[in-house]
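Residue numbers (my numbering), protein chains in the order written: chain A, 120 to 292; chain B, 120 to 292.
2 protein chains.
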Amino acid sequence: MTVLEGTMRVSATPEAFRRGMRRLAGACTIITSADGSGVSEGWVGLAATAVCSVTADPPRLLVCVNRNVWAHKTITASGVLAVNVLGRAQDAVLSRFSGAGVCAPEEKFHSSKWRAGITGAPLLEDALVTFDCVIAETIAASTHDIFICDVVEVNDHGAVTDPLVYFNGAFFS
Amino acid sequence: MTVLEGTMRVSATPEAFRRGMRRLAGACTIITSADGSGVSEGWVGLAATAVCSVTADPPRLLVCVNRNVWAHKTITASGVLAVNVLGRAQDAVLSRFSGAGVCAPEEKFHSSKWRAGITGAPLLEDALVTFDCVIAETIAASTHDIFICDVVEVNDHGAVTDPLVYFNGAFFS
């Protein structure tokens, strides 16, 4: 515990916070973007659970992204991103986008069907739902940026299947 | 679809957005606050799924709250809130805090065990985890405020049970 200012501004430790956050279940998503070249070699993506709805009218959501991840630079340069929400059968897609070095950047989009959305960001064709977005505002928060996004297009993909959910260090459906 | 500016700034409809967001699974939480009087009559709370981690170091999370809900005024006036993450057996707690008029404000905290945390905001004793927080920054986003919060204390409560998750209009564990 670190006393920041006054008696109330103590801070929980990063370790206690990380351990606690493992108990906040989150939908598994792939955040994607594109460099504007119009070819799939310019696509980037990362796995994330830090996505939430902000307002429905106008349609707005937010995404928190670590500034150190490879995709961050493309997201900020292009000003667009897409949120691809994964279903229970898509843990293999998740693996391709999780962690560093598991899969070369150009291989992340192989073995699953992706197409460019209105913004140019890639959309996973059989995701539970995709949100194609233009970034309206970026808020710096120490190691991360919070991207507040206007939703350009929503694609529900067919029947509702169970979602892929992260909880307590593992994935469930 | 509304054309905002240029060809790319079209907007999804609120209805399409709401329907799509039903497919983004979210952990069920109760967001609480207190009016500073030090008595439980000053406690307020609402059910929410729009919570996500921002950074671990410093420990920070964010919560989106509609400015029209009854608890909003107390949250902004006090500058504190707590996030109480519900387990599978706590759907009765969720019901007390969901929607309007289901339960009178002073009855929301009955029939489950709550205690004041460091900030004064009430913590649910058998929640999966609680995060007691001081609001660091408030960002207005049309109908909602985004509260970026410094986490003061994290309480893991005993064994990990299954979480209570909202998906496609219903609650699951």
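The beta-carbon is built from N, C-alpha and C at its ideal position, and this holds for glycine as well. Please read these numbers as outputs of a predicted model, since none were measured by experiment.
The Cβ-Cβ distance between B/Glu226 and B/Glu160 does not fall below 8 Å. With respect to B/Leu242, B/Asp251 sits close: the two C-beta atoms are nearer than 8 Å. Contacts between B/Glu272 and chain A, judged by CB atoms closer than 7 Å, involve Ala131 in chain order. Taken in chain order, the unbroken stretches of beta strand (DSSP E) that lie wholly in the segment 199-231 of chain A and span 3 residues or more are 199-204. Contact check for B/Thr168 and B/Cys147: beta-carbon distance about 6 Å, within the 8 Å limit, so the pair qualifies. When the Cα atoms are used, B/Ala190 and A/Thr174 turn out to be separated by approximately 18 Å.
Distances from the alpha-carbon of A/Phe228 to those of A/Phe136, A/Thr151, A/Gly145 put A/Thr151 closest.
B/Val284 counts as buried, since at least 16 other C-beta atoms from the protein chains shown sit within 10 angstroms of its C-beta. Counting of Cβ neighbours within 10 angstroms places B/Ala240 among the buried residues, the total reaching 16 or more. Shown here, B/Arg138 sits in a helix according to DSSP, grouped into three states. Close to B/Gly155, with beta-carbon spacing below 9 Å, lies no residue of chain A; the smallest spacing is near 12 Å. A/Arg142 places its beta carbon less than 8 Å from that of B/Val279.
In this chain, B/Ala246 is not harboured by any alpha helix (DSSP H), its DSSP state being neither H nor E. The criterion of a C-beta distance shorter than 8 Å is not satisfied by A/Ala166 and B/Pro282. Judged by DSSP in its simplified three-state form, B/Ser172 adopts strand. Between B/Ala255 and A/Ser230, the alpha-carbon positions lie close to 43 Å from each other. Beyond the five residues adjoining it in sequence on each side, A/Ile194 comes within less than 6 Å, by CB distance, of Ser152, Leu200 in the same chain, given in chain order.
Close partners of B/Thr174 in chain A (Cβ separation under 7 Å): Ala260, Ser261, Thr262, His263.
Residue-level contact check: B/Leu242 does not touch chain A, since none of the beta carbons of chain A fall below 8 Å from its beta carbon. A distance below 6 Å between beta-carbons, with the five flanking residues on each side excluded, links A/Ser292 to the following residues of its chain, in chain order: Arg207, Asp281, Leu283.
Note on geometry: alpha-carbon atoms of A/Val170 and B/Val184 lie some 15 Å from one another. Ranked by Cα distance from A/Pro178, the options B/Ile149, B/Arg138, B/Gly236, B/Thr249 are led by B/Arg138. The beta carbon of A/Gly155 is closer than 6 Å to those of Ser197 in its chain, skipping five residues each way along the sequence. Going by C-alpha positions, A/Val270 is about 14 Å away from B/Ser261. Residue pairing by DSSP puts A/Val284 in a beta bridge opposite A/Ala146, A/Phe291.
Counting of Cβ neighbours within 10 angstroms places A/Ala246 among the buried residues, the total reaching 16 or more.
Burial check for A/Ser214: the Cβ neighbour count within 10 Å stays below 16, so the residue is exposed. Per DSSP, B/Ile237 lies in no beta strand (DSSP E) segment and is marked neither H nor E. With a 10 Å radius around the Cβ and a threshold of 16 neighbouring Cβ atoms, A/Gly236 comes out buried. Chain B has no Cβ within less than 8 Å of the Cβ of A/Asn187. Distance from the CA of A/Val212 to the CA of A/Gly277, rounded to the nearest whole angstrom, comes to 18 Å.
The beta carbons of A/Cys268 and A/Leu181 sit about 7 Å from each other, so the pair counts as a contact at 8 Å.
With distances taken between CA atoms, A/Val188 lies nearest to A/His263 out of A/Ala259, A/His263, A/Phe136. When the five nearest sequence neighbours on each side are left out, the beta carbons in the same chain lying within less than 8 Å of the beta carbon of B/Asn287 are those of Arg141, Arg142, in order along the chain. When secondary structure is reduced to three states using DSSP, B/Gly164 falls in the strand class. Cβ-Cβ distances below 6 Å link B/Ser172 to Leu180 in the same chain, with the five nearest sequence neighbours on each side left out; the list follows chain order.
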